[in-house]
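Below: one structure, written as structure tokens.
Residue numbers (UniProt numbering): 1 to 227.
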């Protein structure tokens, strides 16, 4: 009965609504895609150096309404990095200590309010069939296989069949996709992807060290988000 009011029928979202959950997908296939789009918009705005507290609040509200755990955690990480780069330097500590403490306190209050949700989703990591398990824990067997069987690297265009052959459940159905960008690279390119990822993260870490007091246009967050 729910599906007749929707433009399309997404069984994942419909099942969630059926059991009392309230998550929005906006115009996207699932809540996580909506959160991804919101964070992309947020970072795009930051590239122009525009300080928009109201926009930050609207983006966060949208991510919370999506119920996307990855979206919430990404926003928390990026906000903490913004706070650290802006206030954890000698000049800022001398001039902006009260503002730094107030902004951190407000943020921590938000984290405390969201903690029950965060802890629940972290607990789902061990629950087979949950989206957290399917994205982080379940595919590890495929990652391990790609690293130990270099001759068995997946051919382009055959991912659905390959993933389905491992029988990892996404909800009530066997999953056919990899919803983790890093895992996908390793499954396709094996050790080459590992070395490339390590090089990339090394580059980001060097950038982070030099970003305190000067993280112009959110460049560290942008580099972390791009993969």
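Just so it is clear, CB atoms sit at the ideal spot from N, CA and C, and this is done for glycine as well.
Listed in chain order, the beta strand (DSSP E) elements of length 3 or more contained wholly in the segment 27-79 amount to none. Beta-bridge partners assigned by DSSP to residue 169: 174. For residue 144, the uninterrupted alpha helix (DSSP H) run begins and ends at 140-148, by DSSP. Contact between residue 83 and residue 59 is ruled out by a C-beta separation of about 16 Å, above the 8 Å threshold.
Counted as a single uninterrupted DSSP element, the alpha helix (DSSP H) harbouring residue 225 occupies residues 219-225. The C-beta separation of residue 143 from residue 187 comes to about 6 Å, placing the pair in contact by the 8 Å criterion.
Ranked by Cα distance from residue 189, the options 57, 150 and 80 are led by 150. Using a Cβ distance threshold of 8 Å, residue 62 and residue 32 do not count as a contacting pair. Restricting attention to 54, 162, 40 and 132, the CA atom closest to the CA of residue 69 is found in 132. Taking every protein chain shown into account, the CB of residue 216 has fewer than 16 other CB atoms within 10 angstroms, so this residue is exposed. Comparing alpha carbon positions, the residue from 197, 173 and 111 closest to residue 226 is 197. Here the C-alpha atom of residue 207 lies approximately 15 Å from the C-alpha atom of residue 89. Just so you know, the alpha carbons of residue 165 and residue 36 end up roughly 28 Å apart. For residue 197, the enclosing alpha helix (DSSP H) begins and ends at 191-209. It is roughly 10 Å from the alpha-carbon of residue 181 to the alpha-carbon of residue 135.
DSSP places residue 163 in the uninterrupted alpha helix (DSSP H) bounded by 159-164. It is roughly 11 Å from the alpha-carbon of residue 40 to the alpha-carbon of residue 47. When only Cα atoms are considered, residue 53 and residue 117 end up about 24 Å apart.
Secondary structure at residue 129: strand, using DSSP grouped into helix, strand and coil.
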